[in-house]
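Visitor:
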Amino acid sequence: MARDPKHDILFEPIKIGPKTMKNRFYQVPHCNGFGSEKPFSQAYFRALKAEGGFAGVATEYCSISPESDDTHRMSARIWDDGDIKNLSLMCDMLHERDALAACELWYGGPHAPNMESRCVARGPSQIPSDFEFLTYAIEADKDDIRYLQNLYVEAAKRARTAGFDIIYVYGSHSYLPQQFLTPFYNHRTDEYGGSFENRARFWRETIEMVKEAVGDDCAICVRMSTDMFLGEAGTQLKRDCLPFVELVDHLVDVWDINLSGIAEWGEDATPSRFYPQGRALPWQAAVKAISKKPVLGVGRWTNPDMMADAIREGKLDIIATCRPSTSDPFLPKKIDEGRLDDIRECIGCNVCISRWEIGGPPLICTQNATAGEEYRRGWHPERFTKASNSDNDVLVVGAGPAGMECAMILGKRGMRRVHLVEAQDDMGGTMRWIPQLPGLGEWARIVNYRKIQIDKLKNVEFIPSMKLSAKDVAEYGAEIVVVATGSYWATDGLNGASHAPIPGADASLAWQATPDQIMGEGKQLQGDNIVIFDNDGYFMGVSLAEKLAEEGKKVTLMTPMGHVASYMHFTLEAPNQHRRLHKLGVEIVPYHLPTRVEQGAVVAAHVYDEDGHEKSFAADGVVWVAQRRSNEALFRELKDSIGLEQLKAEGVDALYRIGDCEAPRLTADAVFSGHRLAREIDSPDPSIPLPFKRERRMVDDASVAMEKAEYAAMYAGATAS
Amino acid sequence: MRIVVCIKQVLVLGDEVEFQDDGLDVDPDYLDSALNEWDSFATEEALQLRERLGGEVVLVTCGARESEAALRRCLAMGADRAIRVEATGRDPFTVARALAEVVRAESPDLVFCGVQSSDAVQAATGTVLAELLGLPRAAVVTRVGYDEDARKVVVDRELEGGLLDRVEVDTPAVLTIQTGINEPRYANLRAIKQAEQVEVDVRSAADDGMPAYRVRRMFVPERGEGAEMIDGSPAEIAGRIAAIVKERLG
Amino acid sequence: MSVLVVAEHIRGQVRDVTRELITAGRELGPVTVAVIARDPAPLVDAVNVEGVAEIVTVQVATDEFENDAYQSAVEALITDRRPRVTLLGFTVNSMGYGPAAAAKLGLGFASDVHGVALEGDAVVATRSFYGSKVSAELDFPGAESVMLLLRPTTWVPAEGPGGASVSSFEVTASPSRARHLELVEPATSTDVDITQAGFLLSIGRGIGEKENVEMFRELAEKMGATLSVSRPLVDAGWMPASRQVGQSGKTVKPTVYLAFGISGAVQHLAGMKTSGTIIAVNTDPEAAIFNVAHYGARADLFDVAEELEKLF
C-alpha cells in the first residue's frame, strides 16, 4: 500500500537549530513511570517510538536537582553521572533508530513535594502549591535565582553529555520558569516581578544561559503553556505568551506550545469525553503566526488528514503526540505505508495518565497492552513469534475486549484456527454500549480496531449470535479453550463498602436497574426521581447520572465514599465532569450507604454517624452501580461439572479464563489479560504469568563489602553519645 | 430427497492490483480465495430442507484443486457429499456445461445455485445450467416453500425495490438463491476437522463448447470513471437525484 | 446491424431501464423493441421514443413476467429477426431467462455491462470484475449474435417522440413451468438493521453540527430511506453504532446509497462500495467517495437536501 499524497507533508524533514528531524512526528515529553532509575524500561519504551517512525522522542519531565523531587510521582532525573549513564542508553537507542532525543529539564518549585530527597524547593514567592498544599517554597532571593539558573545550565551540560539533541527549558503546567511569568505564582516587587519584562526576566535569562552553554551542540526548546485559564492571575496568551515569544524567539530553536496549569491539566491532556483532537490548535497557531521558529504541539492527534491540514494551513510545523504514540508507536510508519486501518487509535481515556497521577506505577494503555511492557516482558506491538504449539485450534468464548484481544494475538502468533464465538450479534461485549454513554464515543475504537484486525486474519473466524453451553464448548473441537465471558453488575446492591446486599435491592423489579439493563437492554425507569447508588468509583455512576439527567430526570448520585468517581481525578476528567453534573442539577450525596430501599424511597445513613440516623431520599427509580461480578457460570461448569479429565477425553487439552470473568477489572487490564495469555500460550503453564524483569539493585558480595566499609569509615572516630 | 448445491470458490482482490503479462486477468498473487457468499445461503437452505424432509445434500463445484476449500466449508456446515469437476473455464456457459453432466447424473429434486458470484457477477450460470438440464427455474429466490408430494415449489423472487414475485415452479427445478434468505449456520471446529478428512469425488469434463465471451483486455478503470457528475442548481441536482432514486427502486 | 431490445414492465408500467436500453441500442443500429405482455397495446406508447424503428408486440398468457413465456418469445424473435445484438436490462427478471436463451441459441453473452461499442463488425462490451475494482473489455469471436444485459442507470432513458412501426408477432407457447402467482409487498421490519435496507441515506462529518442530523433524518423518512452514518458521527456520540456503515461498522449493499457530506475514507468505502447505485453529494471535489460513486454532485448539502425534500 502506498502513502496517500495528502500526507506527504508529514514526512518532510525540518531543521531545528543545529539538528534536523527526519519527519514531522514527535513524541512530546510524557511520563511513563520509568525515570532514570529504570533505564532499560525507559530506553526500550522510547526507542520503540523511534522504531515506529517518530523522528524526535523526549524524556518525561526530568528533574535537574534533588530540590525538584516529585515523589511519589515518577520523573526522570539528571542529577549526576549515574543518571547521565542511565539516560544515555535511551539516547543511543534513539540515535540508532534515526531519531533525535529530547530532555525536558524540570524544576517544580513548590509543586514538587520532595518526599524522597527531603530538600526544600525555591520559588518566585512563598506560596503553598495549589495542589501539593502542604509544600511551601523558599522565596528566592537574588542568590537563589542565580543558583536556580545555574542548576539549569549544569543540567543542560549533563544532558548534552548523555547524548540529548534537544534541551528544554520547561515552564508549562506551571513549573518554575512559568511560575515567574505568572502573577498567580509571582508576587515579587523586585526586578523579577510585576511588569511583563520583569516576570519574563527569569525565564529569558535562563534560556540565554542554557543556550550559551550548549546551544551550539543542542537545539533549545521552550515549552510554554499559553493559557492557564486562571483569568488575569494566570498566564494569558496575548498579555504574556505572545510577547514572550517575541522576546526570546531569537534564542529558541523550537517552541513546544500547550495549555493549562498543573491543577487542571486535563485542559491540556484533554480526555476525549470533553474535547475532540486538536484542542490547542488555535493557541499553537497564534504562536506560529508571530514566531520565526518551528512550532510543535500536542492535541491527541489521531487523524492523519487533520495533522496534514494543520501543517499545510500554517498552524503547526510538527505534530506532537503522547497518548496516540503510546496507543500506537507505529503511527508514523502506518501513515507512511498507507495502512490507516492498522492504526490503533488513542481513545482519550487517560488511563495512561492516571497511573502517573496515582504516583508510582508504570503507564498502561487501554488500546495497547504492550505499552510499558517493552522491556519488562519483551513485548513488541507489531512483532509476534510463532507459537510453538501453533498446531492447535483455539476456541475463545466471548468477544468483549479480553476475548477480542486474545483471539487477535493468537491469530498473529499463527495458531492453526481460532474461533471467536460471541452470544450477541456483534463484537464488543460491554464495550458495545459503554461508548453510548455521554462523551465516550471514541472508546468504540477499542472494538473498531480489533474488528478490522480480526477480519484481516485468515486463521481467525468470528462467529456471532452463538451462545455456547458447557457441553457445546466441550464438543466444539478446540484443543485450547479460553473463556472470556465478562462480568455483570450486581442486581442486589452487593457492594464493596458493606460486602452485603442491600435490603430491598432487586434489579428484576421494574423500578430498579443496573447499568447493563439500562444500556445493554434498554430498560427504562419511570418517574422523575432517580437515585443512583455508586460504589464503583470510576465513570459508570457519573455517566449514567449525566445521561439520565439529560433525559430530564432529577438525579441523586449517592456514594458511601467521600468523593464520587474518585478515579476520574486521576484521569483528569473530574473537574469537567463535576461541572457537567452541576449544570444538570445532579445532587451528589457522599458518605451515605443505603440501609434499605422501598418503592418510592432510598433510606440511607451517613457512614460516620455512629448512631446510624436514617434519611429518606425520594426515589421513583434506583440504579445499582454497586459492584461487578464475574460471569463465572460457564467456566465453573467446564471445570467443576464436566471436569478437566472429561474435557481431555473430548480433546480439550487446556482451559483458561481471561478478563472480567476471572475478576472484574479496568478495560485496560482486561485487554492485557487477553494479550498476555496469547503471548504466553506456549509457555509451560499459560495460566500463570511468566516472571517479568524487575529493574532493581541486586545485592552481591562486593557491593555489600563496599557499603559496609563506607559506613564504617563515615563513623570512624565518631564518639558515641 | 436429493438437493444438489452448486458452489463456487471465488477470487477476492485486495486494494492492490497487478495484471498478468498477457493483460487478460489479474496476477494470481494479488488474489485471495473464499467461498462465494451466496453459496453459503444456498447450502443452508438445502440443509434446512434436508432437516425437514430427510435425504441428502450434494455439493458440486467446477474448479482446480484449491477450490476444494470451498467444498470443505460447506461439508463442515453439514452437506453429505462433494464433487469437484476439474475444469479451468470461468464463464457461465463453460461452467454450466461442466456442471451439467454431473448434476444430471445425481437426479436431484432441486438444484440450488447462488444468484451470482462475487468475482464475476454474471448471475447467469444457474439459469444456463437449468437450460442444459431442461429444468424449470426461478432466479433470485428469497423464500422456498417445497411441497415434495405435489412436486412443486412455491418461491418468492426479490424484485428491485423489495417487491416479491411469488411463483409456483414444477420440480425438479433449478433455483438461484439470494443472500438474506436464511442465516447460514457456522461449523464448529470438530465439523471443520471432519470435513478435512472427507474425500472429494473428482470428475473431469471434456469441454469443447463456445465460451459466453472472451476477455480481450483487463485494466484498472480511471479514478472517477463511472461517476457521472450532476451539474446545475441545487434544484436541478435534486431533481436528477430524485429521478435516479425512483428509477432504481422501481 | 440491428438491435433487439426486450421491454421490461411491471404492473402495467414500462420500467425506465427499457428506455435506457434504447439509448444504448440506438448507438449500435436500428432498434426493434419487443413488448411481451398479455395486453401489449397500452405499453407501446411508452417505448415509442426517438431511435426506435420498430415495435413488435408478443401476446402471452401471463399478465406478469414468467421465465418460460419470455424465453420462448425472445428465442423466436431472435431466430426470426436475427439481430446482431439483443439488449436486456441486468435485472432480476432478465436473470431468469436471458442467459438460458443465449445458451440455447449459441449467442455471445455478458451481463452487468456498462459499456458497448462496435469495432467494425465486432461487438465489444465493457464490464467490471472482482467487485468493481477492475474493468474488462469483452468480445465474442465466432458468435453471430450477442446478448448483453446492461447495468441499469448507466445510460440515460431515451425520450422524445418516436415514429416506430408497430406489428405483432405470434409465438406458440408451451405452458409455463414456473407460474407467476401474485406480487407481494415485503413486510417492513421495525428494528433498524441498515444491512437490510434497500435505500440508505448516509450522512458524514460534512453535515457539521449535531443539530443537523435531524434535518437529514426527516429527509430520509420522506424519501423512504433508512438513515445511516459514517464513523465520525458515532465517535462524536451523535448516532449509535448500529447505524454505522464501514469496515468497523456494517457492510451494506442497498439498491441505492445516497451520501451527504461523506468524504470516503477507505474504511467507509469498504462498507458500502458494492451498493447498487451510489450517489454522493459533497462540497469537496476531491472527495474520495466520487471514485466509487455512480453519480456525484459537488454542491452544498443543505441546499440539495432542502430541494430534495420538496420532491418527496
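Residue numbers (my numbering), protein chains in the order written: chain A, 76 to 796; chain B, 139 to 388; chain C, 664 to 975. From the three backbone atoms N, C-alpha and C, an ideal C-beta is built for every residue, glycine too. From a predicted model like this one, the values you see are computed outputs, not experimental measurements.
Count the C-beta pairs between the stretch 675-685 of chain C and the stretch 762-771 of chain C that are closer than 8 Å, then say yes if the count reaches three, no if not.
Guide: no
Visitor: Using a Cβ cut-off of 8 Å, pull out every chain B residue sitting near Glu38 of chain A, in sequence order please.
Guide: Chain A is shown only over 76 to 796; residue 38 of chain A falls outside these bounds and no answer can be derived.
Visitor: Residues of chain B with a CB under 7 Å from the CB of Ile538 of chain A: which are they?
Guide: Position 463 of the first sequence, counted from the first residue, corresponds to residue 538 of chain A. Per Cβ cutoff of 7 Å: Tyr324.
Visitor: So if DSSP puts Thr314 of chain B in a beta bridge, which residue, or which two residues, is it bridged to?
Guide: As a first step, residue 314 of chain B must be located in the second sequence, where it is residue number 176. Per DSSP, B:Cys251.
Visitor: Is Glu204 of chain B close to chain C, meaning its C-beta is less than 8 Å from at least one C-beta of that chain?
Guide: Residue 204 of chain B sits at position 66 when you count from the first residue of the second sequence. No, Glu204 of chain B lies away from the interface with chain C (no Cβ there is under 8 Å from its Cβ).
Visitor: Step through the CB atoms of chain B and report whether any lies within less than 8 Å of the CB of Tyr958 of chain C.
Guide: Here residue 958 of chain C is taken as the residue at index 295 of the third sequence, counted from 1. Taking Cβ atoms only, chain B reaches closer than 8 Å to Tyr958 of chain C, which makes this a yes.
Visitor: Out of C:Thr946, C:Thr686, C:Gly869, C:Gly900, state which residue places its alpha-carbon closest to the alpha-carbon of Gly752 of chain C.
Guide: Taking the third sequence and counting its residues from 1, one reaches residue 752 of chain C at position 89. Comparing Cα positions, the closest option is C:Thr686.
Visitor: What separation, rounded to the nearest whole angstrom, lies between the Cα atoms of Ser400 of chain A and Gln102 of chain A?
Guide: Start at 1 with the first residue of the first sequence, and residue 400 of chain A comes out as number 325. Start at 1 with the first residue of the first sequence, and residue 102 of chain A comes out as number 27. So the two alpha carbons sit approximately 7 Å from each other.
Visitor: Grouping DSSP H, G and I as helix and E and B as strand, with all else coil, what is Lys146 of chain B?
Guide: For the purposes of this step, residue 146 of chain B is taken as residue 8 along the second sequence, with counting starting at 1. Lys146 of chain B falls in the coil class under three-state DSSP.
Visitor: If you drop the 5 nearest sequence neighbours on each side, which residues of the same chain put their C-beta closer than 6 Å to that of Val223 of chain B?
Guide: Within the second sequence, numbered from 1, the residue matching residue 223 of chain B stands at position 85. If we look at Val223 of chain B and ignore the five residues flanking it on each side, its Cβ neighbours are Cys200, Ala236, Val240, Arg341, Ala343.
Visitor: Does DSSP put Glu949 of chain C in a helix, a strand or coil?
Guide: The sequence position of residue 949 of chain C within the third sequence is 286, counting from 1. It is coil, neither helix nor strand.
Visitor: Threshold first: 3 residues or longer. Then list the beta strand (DSSP E) segments lying entirely within the stretch 792-832 of chain C, N to C.
Guide: Counting only runs of 3 or more, we get 797-802, 809-813, 828-832.
Visitor: Specify the secondary structure class of Glu183 of chain B as computed by DSSP and reduced to three states.
Guide: For the purposes of this step, residue 183 of chain B is identified with residue 45 of the second sequence, where counting begins at 1. Residue state, collapsed to three classes: helix.
Visitor: On the DSSP bridge assignment, give the partners of Tyr243 of chain A in chain order.
Guide: Looking up residue 243 of chain A in the first sequence gives position 168. The partner list for Tyr243 of chain A (beta bridge, DSSP) reads A:Glu179, A:Cys296.
Visitor: I want to know whether the stretch 853-865 of chain C touches the stretch 907-918 of chain C - three or more CB-CB distances under 8 Å.
Guide: Flag = yes, the stretch 853-865 of chain C and the stretch 907-918 of chain C touch.
Visitor: With distances taken from CA atoms, which of A:Arg152, A:Met168, A:His681, A:Ala174 is nearest His191 of chain A?
Guide: Sequence index remark: in the first sequence, residue 191 of chain A carries index 116 (1-based). Strictly speaking, residue 191 of chain A in this sequence is Glu, with His absent from that position. Looking at the Cα atoms, A:Arg152 is the closest of the given residues.
Visitor: Report the rounded CA-to-CA distance for Leu470 of chain A versus Glu87 of chain A, giving the unit in angstroms.
Guide: As a working mapping, residue 470 of chain A is identified with position 395 in the first sequence. As a working mapping, residue 87 of chain A is identified with position 12 in the first sequence. Near 46 Å, if we compare the C-alpha coordinates of Glu87 of chain A and Leu470 of chain A.
Visitor: Taking its Cβ as the centre, do 16 or more other Cβ atoms sit within 10 Å of Arg274 of chain A, making it buried, or is it exposed?
Guide: The sequence position of residue 274 of chain A within the first sequence is 199, counting from 1. Buried is the call here.
Visitor: Going straight from the alpha carbon of Cys137 of chain A to that of Asp403 of chain A, what length do you get?
Guide: Walking along the first sequence from the start, residue 137 of chain A turns up at place 62. Walking along the first sequence from the start, residue 403 of chain A turns up at place 328. So the two alpha carbons sit approximately 24 Å from each other.
Visitor: Quick one, are the C-beta atoms of Thr646 of chain A and Ser429 of chain A less than 8 Å apart?
Guide: By one-based count along the first sequence, residue 646 of chain A stands at place 571. By one-based count along the first sequence, residue 429 of chain A stands at place 354. For Thr646 of chain A and Ser429 of chain A, yes; Cβs fall inside 8 Å.
Visitor: Consider the Cβ of Arg525 of chain A: report whether some Cβ of chain B lies at a distance smaller than 8 Å.
Guide: As a first step, residue 525 of chain A must be located in the first sequence, where it is residue number 450. False, the Cβ-Cβ gap to chain B never drops below 8 Å.
Visitor: When burial is assigned at 16 or more other CB atoms within 10 Å of the CB, is Gln254 of chain B buried or exposed?
Guide: Reading the second sequence from its first residue, position 116 is the one you call residue 254 of chain B. Gln254 of chain B is buried by the Cβ-count criterion.
Visitor: Hey, how far is the Cα of Glu729 of chain C from the Cα of Asp303 of chain B?
Guide: By one-based count along the third sequence, residue 729 of chain C stands at place 66. By one-based count along the second sequence, residue 303 of chain B stands at place 165. Their backbone Cα atoms lie some 10 Å apart in a straight line.
Visitor: Is the Cβ-Cβ distance between Met506 of chain A and Val522 of chain A less than 8 Å?
Guide: By 1-based counting over the first sequence, the position of residue 506 of chain A is 431. By 1-based counting over the first sequence, the position of residue 522 of chain A is 447. It is a contact, given that the beta carbons lie within the stated cut-off.
Visitor: What residue range does the beta strand (DSSP E) around Cys200 of chain B cover?
Guide: Counting from one through the second sequence, the residue named residue 200 of chain B turns up at place 62. According to the DSSP assignment, Cys200 of chain B belongs to the beta strand (DSSP E) that extends over 194-200.
Visitor: Measure the beta-carbon distance from Met837 of chain A to Trp431 of chain A and round it to whole angstroms, keeping in mind my assumption that it falls under 8 Å.
Guide: It is not possible to answer for residue 837 of chain A, since the shown part of chain A is limited to 76 through 796.
Visitor: Got a sec, what are the start and stop residues for the beta strand (DSSP E) Lys629 of chain A sits in?
Guide: Residue 629 of chain A sits at position 554 when you count from the first residue of the first sequence. Lys629 of chain A -> beta strand (DSSP E) spans 629-633.
Visitor: Check whether the Cβ atoms of Val196 of chain B and Glu244 of chain B sit closer than 8 Å, and answer yes or no.
Guide: Stepping through the second sequence from its first residue, residue 196 of chain B is reached at position 58. Stepping through the second sequence from its first residue, residue 244 of chain B is reached at position 106. Result yes, Cβ atoms of Val196 of chain B and Glu244 of chain B sit closer than 8 Å.
Visitor: Taking the alpha carbon of His262 of chain A as the reference point, which residue from A:Glu229, A:Ala693, A:Ile159, A:Gly198 has its own alpha carbon closest?
Guide: In the first sequence, the residue the question calls residue 262 of chain A occupies position 187. Comparing Cα-Cα distances from His262 of chain A to each of A:Glu229, A:Ala693, A:Ile159, A:Gly198, the minimum goes to A:Gly198.
Visitor: Could you say which of A:Val672, A:Gly413, A:Pro513, A:Thr634 lies nearest to Tyr350 of chain A if we only look at CA atoms?
Guide: Translated into the one-based positions of the first sequence, residue 350 of chain A becomes position 275. Tyr350 of chain A has its Cα closest to that of A:Pro513, out of A:Val672, A:Gly413, A:Pro513, A:Thr634.
Visitor: Whose C-beta lies closer than 8 Å to the C-beta of Phe179 of chain B among residues of the same chain, with five residues either side of it excluded?
Guide: The sequence position of residue 179 of chain B within the second sequence is 41, counting from 1. Cβ neighbours of Phe179 of chain B beyond the five flanking positions: Gly252, Ile315, Gln316, Thr317, Gly318, Ile319, Asn320, Pro322.
Visitor: If we count the other Cβ atoms within 10 Å of its Cβ and call it buried at 16 or more, is Met886 of chain C buried or exposed?
Guide: Taking the first residue of the third sequence as position 1, residue 886 of chain C is located at position 223. With 16 or more other Cβ atoms inside 10 Å of its own Cβ, Met886 of chain C counts as buried.
Visitor: Can you give the beta carbon distance from Gln201 of chain A to Ile213 of chain A, rounded, assuming they're within the 8 Å contact cut?
Guide: One-based indexing of the first sequence puts residue 201 of chain A at position 126. One-based indexing of the first sequence puts residue 213 of chain A at position 138. Here Gln201 of chain A really is in contact with Ile213 of chain A; their C-beta atoms are around 7 Å apart, less than 8 Å.
Visitor: Where DSSP assigns a beta bridge to Asp815 of chain A, which residues make up the other side?
Guide: Summary: the structure shown does not reach residue 815 of chain A, with chain A confined to residues 76 through 796, and so no result is reported for it.
Visitor: Let me make sure I understand the geometry here. Which of A:Lys286, A:Ala383, A:Ala176, A:Gly374 has the alpha-carbon closest to that of His82 of chain A?
Guide: Translated into the one-based positions of the first sequence, residue 82 of chain A becomes position 7. Ranking A:Lys286, A:Ala383, A:Ala176, A:Gly374 by Cα distance to His82 of chain A puts A:Ala383 first.
Visitor: Taking Asp468 of chain A as the query, report the chain B residues whose CB atoms sit under 7 Å from its CB, ordered along the chain.
Guide: On the first sequence, residue 468 of chain A is found 393 positions in, with the first residue counted as 1. The answer, in chain order, is Leu327.
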